[in-house]
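The sequence shown begins at 0 in numbering that gives the first Met the number 0 and counts up by one. Comments concern the structure below.
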Amino acid sequence: MIRISPTDRVFILTGAGISAESGIPTFRGVGGLWRNRRVEEVASAEAWQRDPRMVWDFYSMRRRVATTAKPNPGHEALARLEQSLQDRLFLCTQNVDDLHEQAGSVRVVHMHGELFKSRCDRCDRAPFDDSAAYEPPRPIPRCHCGGKIRPHICWFGEIPYDLDKIATALDDCTVFIAIGTSGLVQPAASFVARVRGAARTIYVGPEEPANTFAFTDCYWGKAGELLPNLFHSA
Ligand code: NAD
Ligand code: ZN
0 MIRISPTDRV
10 FILTGAGISA
20 ESGIPTFRGV
30 GGLWRNRRVE
40 EVASAEAWQR
50 DPRMVWDFYS
60 MRRRVATTAK
70 PNPGHEALAR
80 LEQSLQDRLF
90 LCTQNVDDLH
100 EQAGSVRVVH
110 MHGELFKSRC
120 DRCDRAPFDD
130 SAAYEPPRPI
140 PRCHCGGKIR
150 PHICWFGEIP
160 YDLDKIATAL
170 DDCTVFIAIG
180 TSGLVQPAAS
190 FVARVRGAAR
200 TIYVGPEEPA
210 NTFAFTDCYW
220 GKAGELLPNL
230 FHSA
C-alpha cells in the first residue's frame with residue numbers, strides 16, 4: 000500500500016506496460032521488431048527522411064491497434080487518484096495511446112507525443128487531431144504549405160515535449176511512481192535518479208527495470224491487478 004498524505008505531491012511516470020493489458024503490445028513484447036526492422040529504425044527522423052511511406056505504414060498499423068483498445072483497471076485507478084489528489088498529481092506518460100484520457104484522466108502530459116495527432120514537418124502549425132490510416136493507395140498527406148504531414152510523435156533522437164513542465168514537477172514531488180516502463184529510454188529513465196533523496200521512489204511492474212537500483216520500493220505484478228488497491232490517500 001502506498002500512503003499518500005495531504006501534503007504529498009505525486010509524480011507518476013507510465014510506460015508501455017500499463018497499456019499491455021489493454022492489448023497494445025510493448026516494444027519488448029513484440030521483440031522490438033516490426034516487419035523485421037528494429038522499432039528504433041522505423042520511429043526515427045532518419046527513417047522519415049528516407050522512407051516516409053514506411054513510417055506511415057507503421058503508425059497506421061499502430062493507430063488501428065489503438066483505436067479498438069479500451070482502458071484497463073490500471074488506467075482507471077490513476078484517473079480516480081487524480082480525482083482525489085487533483086493538482087497534487089502530475090501524470091506523465093511515455094505512451095502515445097489515449098487510454099489515460101479514455102479512463103478519465105484530465106491532465107496528462109504526453110512526453111512522447113500522441114498517436115491520434117499529426118503535424119506538419121515543415122511549418123509550425125499546431126498539432127491537430129487525426130486518427131486516419133495512411134496506407135497505399137492513400138498518398139502521404141500534405142500540408143497547405145507543401146510540407147509533409149507526419150505523426151505527432153517524439154521519435155528516437157528527437158527532444159521530448161514539455162520537459163520544462165516535467166522538470167518543475169519532478170523538483171516539486173514527494174512521491175515518484177514509475178509504472179510499466181523498462182528504464183531504458185532516456186530521458187525518462189533518469190527521472191528517478193533526479194528525485195532520489197528528495198522523494199519516495201516506487202516501481203510497479205512485473206519485471207525489474209534497468210534502473211531498479213534507484214527505487215526504494217517495488218511492487219512486482221501487473222499494473223491492472225496491482226493499481227486498483229495500491230493507493231491510500233488520507
Ligand atoms: P518498453 O516496451 O520498453 O517496456 C515495457 C515495460 O512494461 C517492461 O518493463 C515490462 O516489464 C512492463 N510490463 C509488461 N506488462 C506489464 C503489465 N501488465 N503491467 C505493468 N508493466 C508491464 O516500454 P517503455 O519503457 O514505455 O519505453 C519504450 C518506448 O515505447 C516509449 O518511448 C513509448 O513511447 C513507446 N511505446 C508506447 C506504447 C503505447 O503508447 N502504448 C506501446 C509501445 C511502445
Ligand atoms: Zn505546413
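Even for Gly, the Cβ is constructed at its ideal location relative to N, Cα and C.
Own chain, CB closer than 8 Å to Asp-97, minus 5 neighbours either side, in chain order: Result list for Asp-97: Ala-65, Glu-113, Leu-114 and Phe-115, in chain order.
CA nearest to the CA of Ser-235, picked from Ile-165, Val-203 and Pro-205: Examination of residue 235 is not possible in this model, given that the chain is present from 0 through 233 alone.
Endpoints, the alpha helix (DSSP H) within which Glu-235 is located: Because residue 235 is not part of the residues shown, which for the chain are 0 to 233, the question remains open.
Element boundaries [alpha helix (DSSP H), containing Val-64]: 51-66
Exposed unless 16 or more other CB atoms sit within 10 angstroms - verdict on Pro-150: buried
Where Thr-92 falls: helix, strand or coil (DSSP): strand
Endpoints, alpha helix (DSSP H) assigned at Ala-19: Taken as a continuous stretch (DSSP letters only), the alpha helix (DSSP H) holding Ala-19 covers 16-19.
Within 7 Å, strictly: CB atoms of Val-194 and Leu-88: With respect to Leu-88, Val-194 sits apart: the two C-beta atoms are not nearer than 7 Å.
Inter-residue Cα distance where the pair is Asp-129 and Arg-106: 20 Å
Residue span of the beta strand (DSSP E) that contains Arg-79, given as start and end: Here Arg-79 belongs to no beta strand (DSSP E); instead the alpha helix (DSSP H) covers 72-84.
CB of Gly-182 within 7 Å of CB of Ala-209, strictly: yes
Cβ pair Val-54, Ala-46 closer than 7 Å: yes
4-residue-minimum alpha helix (DSSP H) runs that sit fully inside the stretch 147-186, ordered along the chain: 162-171
Host alpha helix (DSSP H) of Glu-40 (start-end): From DSSP, the alpha helix (DSSP H) with Glu-40 extends over 38-41.
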